[in-house]
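In this text, residue positions in the sequence shown follow this note's numbering: the first is 18, and each later residue adds one.
Where a beta carbon is used, it is the ideal one built from N, C-alpha and C, also for glycine.
These numbers come from a predicted model, not from an experiment.
A short write-up of the structure that comes next.
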Amino acid sequence: MAPPFPRMWSQVRLPLALAAERPDLLFVPGHAIPFAWPRRVLTVVHDLAFERHPKAYRRSERAYLRLSTRWAASRCRLLIAVSESTRQDLIALYGVPPERVRVVPLGIGRPSGATAPPSRLAELGVNGNFVLQVGRIEPRKNQVAALEAVERLDGVTLAVAGPERDPQLSARLRASSRCRVLGMVDQPTLELLYKKAAAVVVPSLYEGFGLPVLEAMARGKVVVAAKSSSLPEVGGEAALYYHDSADAAELARVLEVALGDAALRTTLAKAARARAATYTWEKTAAGVADVIRELIA
């Protein structure tokens with residue numbers, strides 16, 4: 018269970034515990050290291066979304082993220098970035114020397130085989146041909162472009178699964194007859210959505226790593242993603258891309274190609290599974306271990 022006040026815990030309770038244990042090195046899988054910890058520390062920076070898209074964050078939240086990440090960037094002899102895209106952000110935005118940042122990609126587990134019964138789709142109002150977008154409803158995830166693209170196509174609906182962070186955006190999506198806002202769904206329902214979706218769309222303006230791309234590819238789905246930030250880095254040649262995240266017309270054209278070419282979908286599904294299989298947590302753990310050994314050598 019997460020502590021009730023995670024920032025207070027990481028800056029007050031954790032340093033007290035560390036003072037008693039005195040480890041040789043503190044590894045923090047997130048970016049927020051204790052300000053009062055004087056010994057060796059290694060942290061993972063997942064993204065700098067709060068710098069690239071500051072309006073998506075409350076002022077206090079943005080201030081804390083900026084302060085804690087800058088502190089980590091200055092305090093850690095080495096940093097781990099989850100993608101080359103995030104590494105380049107650290108270099109460009111915070112002036113971190115390139116030789117201090119190691120890239121260790123995230124992994125993905127095997128998809129769960131358990132799916133909800135097909136009747137669950139009807140309960141959710143998802144009928145017929147649909148494309149799926151998974152992630153928080155917020156401007157950075159760019160659901161508006163996905164909806165506008167779908168509205169340009171015949172006989173296709175957009176299904177959006179994820180927490181509703183922006184009520185106004187949720188209302189805008191719900192106002193369209195071509196969109197189903199599903200909110201948070203359980204894992205069997207999510208697996209069913211992946212299984213039945215004609216394609217998965219990832220039009221994000223920015224992603225530090227691009228787990229939505231990887232999760233879809235692991236299930237052999239055709240992914241249509243924006244050619245932005247880390248998305249092409251993760252998807253490689255196993256996904257389809259459009260160049261301008263905000264260009265709904267271009268997204269619609271790429272979706273139309275994907276939905277209309279069965280042979281292409283078969284080829285991409287095979288390539289997607291193969292590429293996703295190269296992203297394992299074992300590789301991630303080995304990469305982190307290599308950096309730890311480098312620090313304590």
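The residue from 69, 203, 83 with its alpha-carbon nearest to that of residue 131 is 203. Selection 278, 64, 122 evaluated against residue 215 yields 278 as nearest (Cα-Cα).
Within its own chain, the residues whose Cβ lies closer than 6 Å to the Cβ of residue 60, once the five positions on either side in sequence are excluded, are 45, 48, 50, 89, 93, listed in chain order. Excluding residues up to 5 positions away in sequence, 133, 137 lie with their Cβ nearer than 6 Å to the Cβ of residue 206 in the same chain.
Counted as a single uninterrupted DSSP element, the alpha helix (DSSP H) harbouring residue 103 occupies residues 101–111. Between the alpha carbons of residue 42 and residue 80 lies a distance of about 27 Å.
Residue 168 and residue 124 have their alpha carbons spaced roughly 34 Å apart. In this structure, residue 217 lies near residue 148, with their beta-carbon atoms less than 8 Å apart. For the set 225, 219, 228, the Cα lying nearest the Cα of residue 272 is the one of 219. Nearest in C-alpha terms to residue 225, of all of 102, 181, 200, is 102. Considering only 52, 154, 175, the residue with the shortest C-alpha distance to residue 144 is 175. Counting the other Cβ atoms within 10 Å of the Cβ of residue 154 gives 16 or more, which makes it buried. Residue 208 and residue 289 have their C-alpha atoms some 16 Å from each other.
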